[in-house]
Structure formats: C-alpha cells, structure tokens
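Protein chains in written order, with this note's numbering: chain X, 1 to 248; chain V, 249 to 424.
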Amino acid sequence: MDSPAAGAGRTLGAAELTVSTPVFEGPLELLLALVEREEVDIFKVSLAKVTDAYLAEIASREIPDPQEMAEFLWMAARLLLLKSMRLLPGETPNDEETELLGWEDEVRQRLEEYRAYKEIAGELLERAVQESFAFPPPARPVEAGGQEQALDVDILVAAFNSVLARIPPRPIVVQGRTWTLQEKLDLITDRLRDGPIELVELILESEDRLEAVITFVAVLELVRRSAVRVRQKERFGPIHVEWREVGA
Amino acid sequence: MNDVSAALEAILFSSNRPLKVRELQQAIDADRNSVEGALESLREALEGRGVMLMRHHDEIHLATRPEFASAVRRALRPEVSGRLSQAAYETLAIVAYQQPVSRARIEEVRGVNCESVLANLELRDLITEVGRGSGPGQPKLYGTTMRFLQVMGLESLDNLPTPKSEGAELSARASG
Numbered sequence: 001m002d003s004p005a006a007g008a009g010r011t012l013g014a015a016e017l018t019v020s021t022p023v024f025e026g027p028l029e030l031l032l033a034l035v036e037r038e039e040v041d042i043f044k045v046s047l048a049k050v051t052d053a054y055l056a057e058i059a060s061r062e063i064p065d066p067q068e069m070a071e072f073l074w075m076a077a078r079l080l081l082l083k084s085m086r087l088l089p090g091e092t093p094n095d096e097e098t099e100l101l102g103w104e105d106e107v108r109q110r111l112e113e114y115r116a117y118k119e120i121a122g123e124l125l126e127r128a129v130q131e132s133f134a135f136p137p138p139a140r141p142v143e144a145g146g147q148e149q150a151l152d153v154d155i156l157v158a159a160f161n162s163v164l165a166r167i168p169p170r171p172i173v174v175q176g177r178t179w180t181l182q183e184k185l186d187l188i189t190d191r192l193r194d195g196p197i198e199l200v201e202l203i204l205e206s207e208d209r210l211e212a213v214i215t216f217v218a219v220l221e222l223v224r225r226s227a228v229r230v231r232q233k234e235r236f237g238p239i240h241v242e243w244r245e246v247g248a
Numbered sequence: 249m250n251d252v253s254a255a256l257e258a259i260l261f262s263s264n265r266p267l268k269v270r271e272l273q274q275a276i277d278a279d280r281n282s283v284e285g286a287l288e289s290l291r292e293a294l295e296g297r298g299v300m301l302m303r304h305h306d307e308i309h310l311a312t313r314p315e316f317a318s319a320v321r322r323a324l325r326p327e328v329s330g331r332l333s334q335a336a337y338e339t340l341a342i343v344a345y346q347q348p349v350s351r352a353r354i355e356e357v358r359g360v361n362c363e364s365v366l367a368n369l370e371l372r373d374l375i376t377e378v379g380r381g382s383g384p385g386q387p388k389l390y391g392t393t394m395r396f397l398q399v400m401g402l403e404s405l406d407n408l409p410t411p412k413s414e415g416a417e418l419s420a421r422a423s424g
C-alpha cells in the first residue's frame, strides 16, 4: 500500500522543476540504474545486493526537497531491512518479512515496467534528434470549417497589451531607427508573403514600445484593408496573421 | 486506387487540420465501412511516396514522410518545436502506451511527481485531456495528439517504438 508510488502520487508543489541532468529524478530511477549495473535480468538480481550502493549514492547527493529526500530514505530503509533478512537466512520469515519479500517482487515488476518506458523514451528521443518530423499541409486559403472563429479587434488589443510591458520603453537618446507606418506596412507585407506570422512574436521583435505601437497599428491597418486574415484556434491561443490572396 | 480514395486524398490534401472519419463520411456521402476501406487503399497507394496518410485515433490527415524532413526543412524552413527533457520523453512514452491515463498512474510508473512535465507537454500540444476518470475527484485522463505523431514522425499509434527487453508487456498493464 504505502509504496513510493503512493508517495509520488501526492501533490507536491507545482514549483518542483524537472531538469534533465544525469541526476536521478527519484528513488525508482536510481534503483533501476543500480540494479541494471548488477544484472541485466531484473528478476534475477537481489535488491539487497544494491543496498550499499544505494546508500552511498544518496549520502553523496544533496536533495534539498525534504519530501523527495523522504522518498529516497524510505526506499533505503526497506532495502536495509531486506538486506538484514538475507544476512540471517534459515529462520522462518515473520509476517513483516513475508510482506517485505512481496515488496521486493513488486518493486522488481515496477522496475521492469519503468525500464520498458525508459527504452521507448530513448527511441522517441532518437527520433526527435534525427528531426524526423512529419509536416502536415500548411495553412492555406482553403479553410476547414469550424476550426477558427472570427476575431474581434478587442482580442488583438488584449494580446497587444499583454506583451507591451515586456518591451523596453523608448530610450531618451534614441539609437535605433525610427519607423514610419509605411515602412512597417511594407516590411510586414513582405514577410507575410512568405507565410503566416504569430502576432505576439511579431510585436515582441520591437526594440522599443514606439516601434511596438507602429507594428501593431500596421497590423490593424492591414486588417482594415482586408489584406490579411487574423486567426486564433482557441481562446488565449496564439494569433496568426496571414496574407489573404487577392481575388482568391 | 478508386475514385473514393482519390476524393479523400483531395479533401485531406486541402485541409489544414486533421479530419474525423465522420467528417469524411459526410463529405463523400458514404458509410463508415467504405470510408475505412478507401482510407486503407489510399494508405497503400501512398507507400513509397513523399506524403503519407496519418491516423491518430479517429482523426485522419496527410503529412510528409519523416525520411524527407530534412529536405522539407531546407526548402521551407518551417517552425519546429524545441527539445524536450528526458522526463518529458518518459512521460510521453507512458501516455502514448497507456492512454487514456491519469497523472497518478504516470507517477506510479515513474515514481516521481509529474505535474510540471505534464503541464509542459500539454502546452506544447503533444498531449491533451481526453476525458475524466471515474475514480475520486474524477482525475484528468491524458492522451496523445496528432501533433505528437507529427513531431515523432509516426504514421499512427500502431507505429510506436516497442521496448527491446523481453517480458515487457506494456499495454497489458493498462488500467484506469
């Protein structure tokens, strides 16, 4: 019942960050690494055999999160108990010890399952490294119905406001260039001919807030001229600005 | 390949989103069996071609074959998603094999908290909520998305990589 799995199922703080380093993420991962070092067949290795290595490993590591530390220690305690049982063979196991033997089997099964998923994860990672992406047809004038809703200017304004604070204010001594609306219109039009642009990303390219405003006004002007189509898949999702083929 | 398959190919080619089998049925006014049959012949007809038929559960789409991803990339420089962490791939593997699956079950397999990694995968549209469990609190159940197949370059979930170790029966363990 009170396996480390149940422990992991508890809600920890959302702040817990999972960083991909060679550091083991949890007791199960550490145990798996030690067991695999011992024996290829997880069902043949005695977990008691890796107790010392397990203890050495957690002693050498800093685990700042007390909850996480508790989970590592819980596993350590079980392993020590198991090892002490193995050191004194011959006696008929009592209830607690019988339970512990059952625990060992259960952990072996969990290790086996975890290892299988780790392997698949490795293959998925390999595919990702090879960048074997399957590209779907691009967005194009033929629209599948029901996907996107007509966008209100309010939503564009809200999106603009949400990122404006992230752009530095205009410095007192202006070093960058000063854009005219026409220049921005030409630039955005050019870029749109190559493909859709995400609105927030376009605004974030601005060097200062004045440029951001000019960019945004240029987008609104293109909407007004019906030169572009503005689309959003879902509420609060990315907003894509797309060139509308004239006469299409 | 017959006319129905060709019609489906045309529809899928011009759609910018995956279409459900039901939508295809309506489009060509045919029953489910004939659409499924036509899809199968389309899939076969596309073997050895630059595009392939992709299927994620009930959703169908076309996509370029992963073998040619680098050529497509050189020509068009399309947007690609960022790299994922090891934890993210482990979680994706569990979701892919056990879907629909709850967070508690994923954490049971990995032995660690998976809240943030699940949120990250959901944000990247690689997994999504596909329903609610019947247990206490009706936990969210996660499944993969069509985008997952695209990013991994898989024709369907049947083409998921399989573990090499013996005795690893993954689907058999699936539980709510």
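From the three backbone atoms N, C-alpha and C, an ideal C-beta is built for every residue, glycine too.
Buried or exposed, going by whether 16 or more other CB atoms sit within 10 Å of the CB of residue i?
i      : result
X:V241 : buried
V:E292 : exposed
X:V142 : Caution applies to X:V142, whose pLDDT of 46 falls short of 50 and renders its modelled position unreliable; the model cannot decide the point.
V:P314 : buried
V:L371 : exposed
V:A258 : exposed
V:N281 : exposed
X:T92  : exposed
X:A218 : buried
V:M300 : buried
In the DSSP output, which residue or residues are listed as bridge partners for residue i?
i      : result
V:Y390 : V:V349 and V:E377
V:I308 : V:L267 and V:R303
V:S404 : V:R303
X:W243 : X:V228
X:E198 : X:H240
In whole angstroms, give me the CA-to-CA distance for residue i and residue j.
i      : j      : result
X:D186 : X:I239 : 20 Å
X:E119 : X:K49  : 24 Å
X:S249 : X:P196 : Only positions 1 to 248 of chain X appear in the structure, and residue 249 of chain X is not among them; the question remains open.
V:L260 : V:L310 : 6 Å
X:R166 : X:S206 : 10 Å
V:S350 : V:I342 : 10 Å
X:E131 : V:A323 : 15 Å
V:G215 : V:T312 : Only positions 249 to 424 of chain V appear in the structure, and residue 215 of chain V is not among them; the question remains open.
V:L332 : X:L111 : 23 Å
X:G90  : X:E104 : 18 Å
V:I308 : V:Y390 : 20 Å
V:G285 : V:Q274 : 15 Å
X:A53  : X:M85  : 18 Å
V:E288 : X:A121 : 29 Å
X:E201 : X:E25  : 34 Å
V:I375 : V:T393 : 5 Å
V:R303 : V:S404 : 5 Å
V:E271 : V:Q346 : 27 Å
X:L181 : V:R265 : 35 Å
Tell me whether the beta-carbon of residue i lies closer than 8 Å to the beta-carbon of residue j.
i      : j      : result
V:D306 : V:V283 : no
X:L47  : X:L73  : no
X:V163 : X:L204 : yes
V:N368 : V:A336 : yes
V:R489 : V:Q386 : What the structure shows of chain V is the stretch from 249 to 424, and residue 489 of chain V is not part of that stretch, so it cannot be assessed.
X:P138 : V:S263 : no
X:P27  : X:M69  : no
X:R115 : X:L32  : yes
X:L199 : V:M400 : no
Exercise. Along the segment 38–59 of chain X, what residues have a CB closer than 7 Å to any CB found in chain V?
Worked result: Residues passing the 7 Å Cβ filter: none.
Residues of the segment 260–279 of chain V in Cβ contact with chain X at a cutoff of 9 Å, in chain order, please. Those would be L260, F261, S262, S263, N264, R265, P266, L267 and E271, in chain order.
Notebook entry, point to check: Which residues, in order along the segment 382–395 of chain V, keep a beta-carbon less than 7 Å from a beta-carbon of chain X?
Noted result: Hits within the stretch: zero.
Could you list the residues in the segment 109–128 of chain X with a C-beta less than 8 Å from some C-beta on chain V, going in chain order?
Residues of the segment 109–128 of chain X with a C-beta less than 8 Å from any C-beta of chain V: R110, E112, E113, Y114, R115, A116, Y117, K118, E119, I120, A121, G122, E123, L124, L125, R127 and A128, listed in chain order.
- Selection of the segment 279–312 of chain V by Cβ proximity to chain X, strictly under 8 Å: Of all residues in the segment 279–312 of chain V, the ones placed with a Cβ closer than 8 Å to any Cβ belonging to chain X are M300, M302, H309, L310, A311 and T312, in chain order.
Closer than 9 Å between beta carbons: that is the criterion. Which residues of the segment 330–344 of chain V meet it against chain X?
Flagged, chain order: R331, L332, S333, Q334, A335, A336, Y337, E338, T339, L340, A341, I342 and A344.
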